Every structure is written in C-alpha cells, then in structure tokens.
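Step one of this worksheet: look at the structure below.
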C-alpha cells in the first residue's frame, strides 16, 4: 500500500474551513481531478473526473465528523483507495492547519508510464492550495500539470 500526506496553514477560521470541505457539493471546486460529485445516499457518493489523462467514474463513502473536524472517504470495490482530511486550529482561532492523507492499495489502477507518486503528491498539494485559495478568498481551484497541459493543446 502506498501512503501520501501533506498539510498547509490557512488564514481562516477552522469551522469555516471544515464547513467548506465537508460540503460534498464543493468537492469539484477544490479536488483537482474531480469534475462532478453526486450524493447517492446519506454518506455515499459518485465521483467523476480525470487523473493523469485517464477518466474515472467511481462510487464510495464520504463521511464528515463535525465534532472531530475530520473527513474520511474511500472507493468501493477492490482498489483500496481511501483517505482522510483533518482540520485543526492553527496558532490562533483565525488560522487552520489542514492535513490530508491518502492510502492507495496495490490494486489501484495506475496508468502505464506515469510517475504515480508524483501524480499523487501533486494532487494533494494542488488540493491543499485550492482549499487555501478558496477559504482565504484569493483564487480558486489549482489544476494539475497534466490537466492544464491537456487543455492548452
């Protein structure tokens, strides 16, 4: 299993940041590869997008725990793709330490000829930067290199 993690400081109240990331409707605004997210039932969603030039359409769980300021998600099937996002108060009540962790099982489909570790690390970094931009009110979603290069062709 491959593990990826990073964090960022956001100049915004932790409750505000958590409310933003926990709203499933906001996923396409901050997840670099996601184009569409649809709630299928209470904590079940369908997510569609494109990663490293390959389209995906997957279902899984998405759980938000307001008390612990933690999100957890995972895909259905045998891929063993899961992760968590944790919102903690920063040095004061107007800053947030946001951490993301992703686990990918060996059965996750990894496109041939793609540096998967680089793709995953870039995706986490772009996600964190997108959330920071949106919560601080200066910018929006940051697309991964693969997506921006494709759109320029």
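In my numbering, the protein residues as written are 32 to 184. Glycine residues also receive a C-beta, built at the ideal position from the N, C-alpha and C atoms. The structure presented is a predicted model; accordingly, all values stated were derived computationally and were not measured.
If residue 63 and residue 154 are in contact, beta carbons under 8 Å, what's the gap, nearest whole angstrom?
6 Å
Euclidean distance between Cα positions of residue 158 and residue 123
23 Å
Within a Cβ cutoff of 7 Å, which residues of the same chain sit near residue 55, ignoring the five residues on either side of it in sequence?
68, 70, 76, 93
Hey, quick one: how far does the beta strand (DSSP E) through residue 95 stretch, first residue to last?
85-96
Where residue 97 and residue 53 are concerned, what is the direct C-alpha to C-alpha distance, given to the nearest angstrom?
8 Å
Please determine, among 111, 118, 121, the residue with the shortest C-alpha to C-alpha distance to residue 136.
111
DSSP puts residue 53 in a beta bridge; with which residues?
DSSP lists no partner for residue 53.
Relative to the C-alpha of residue 126, which candidate in 33, 35, 43, 57 has its C-alpha closest?
43
Going by the C-beta, is residue 77 closer than 7 Å to any heavy atom of the ligand SAM?
Inclusion of the ligand SAM in the displayed structure is not the case, the ligand content being empty and no account of it being possible.
Cut-off 7 Å between Cβ atoms - residues of its own chain near residue 103, not counting five sequence neighbours on either side
94, 115
What are the boundary residues of the alpha helix (DSSP H) that residue 154 is part of?
147-167
CA-to-CA distance, residue 145 to residue 128, given in whole angstroms:
31 Å
Write down the C-beta distance between residue 151 and residue 35 rounded to the nearest angstrom, noting that I regard them as a contact closer than 8 Å.
5 Å
So, under 8 Å CB-CB, residue 78 and residue 163 are touching, yes? Tell me the CB distance rounded to an integer number of Å.
With a Cβ gap of about 22 Å, residue 78 and residue 163 do not count as contacting.
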